[in-house]
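Under the numbering used here, residues 279 to 516 are what the sequence shown spells out, in order. Quick reminder that beta carbons are idealized off the backbone N, C-alpha and C, glycines included. Quick caveat: nothing in here was measured; it's all calculated off a predicted structure. One structure is given below, encoded as structure tokens.
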Amino acid sequence: AGLFYYISKTIIARSRKQIEEKAILQKKISELSMSSLQSQMNPHFIFNALGSIQYYIQKNEQNLADEYLGQFATLIRMYLDASKEDTISLSNEIELLQHYIELEQMRFEGLFTYEFEIQLDMDLNKQIPTMLLQPIIENAINHGLRMREDGQGKLILSLGTTHNGIYARITDNGIGMEAAKSIKTHKHKSHSSNILNEKISTLKEQGLFDITVSYRDAFTKESIYPGTQVELKIKTVE
């Protein structure tokens, strides 16, 4: 009986150790996966921004080139600082997104305006995942608003609280989801959406955030510019 007890105890201890080691390894894989995803979120934006700086230089618009380069450098510094962390405060995220959107406004020369609608009593110290909203806004600009030719594009970021978390709503009055799918550039949009879905899945696996995302037409489908609205509900896992 004593020998049986000893063997059983040894097997259970070994099994528990293997489970713990597997959990540690899984966490490391998730963390590496998250770091990898963060590094993939923004490469084409960097390429486009550098292209715009070259464009201004070629047009001999040195002042605009200098201004754009300064804004770009500020944004990259902020992005690199943010990418070192898994989360970012809402106040810092708002500042980062503002710099990003204003750079895109310069690049597209007055193609669209933007507005932030932030709930008055919202705690801006609350943390959300790093680089969660930027790719959605990037899609709205590059695959919705960029296709307008009347200069009446508008982007709205709405932030507020729900009974168990935070919501972020990105609305544009661009060409809409159906029209974007018919244009060849929709391939990049699918790539960004896949990265976003992977990021959301990884965050859930890590036990940090439970995030749902939904897409819909912002206005009626009969409209020339039905736009797109993307809503994320972000719940911190306790």
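- Task: Compare the Cα-Cα distances from M409 to each of S330, N442, P504 and L368 and report the closest residue.
- Result: L368
So, D495 versus G429, is the Cβ gap smaller than 7 Å? No, these two residues do not count as a Cβ contact at 7 Å.
Worksheet item: Can you name the residues that DSSP bridges to R494?
Response: Q507
Item to complete: Helix, strand or coil for D359, going by three-state DSSP, please let me know.
Response: helix
Determine the closest residue to F497 out of I489, T506 and T490, with distance taken between C-alpha atoms. T506
Do F390 and G431 have their CB atoms nearer than 7 Å?
-> yes
7 Å Cβ shell around F386 - same chain, five flanking residues per side excluded: R424
Q.
Out of E373, Q484 and I366, which one is the CA nearest neighbour of Q349?
A. Among E373, Q484 and I366, the Cα nearest to that of Q349 is on E373.
(message) Between G422 and Q397, how many whole angstroms is the CB-CB distance? I'm expecting something under 8 Å.
(response) About 25 Å; that fails the 8 Å criterion.
* Decide if Q412 is buried, meaning its Cβ has at least 16 other Cβ atoms within 10 Å, or exposed. => Burial call: buried.
Next item on the list: Could you tell me which residues DSSP pairs with A446 in its beta bridges?
Entry: L437 and L510
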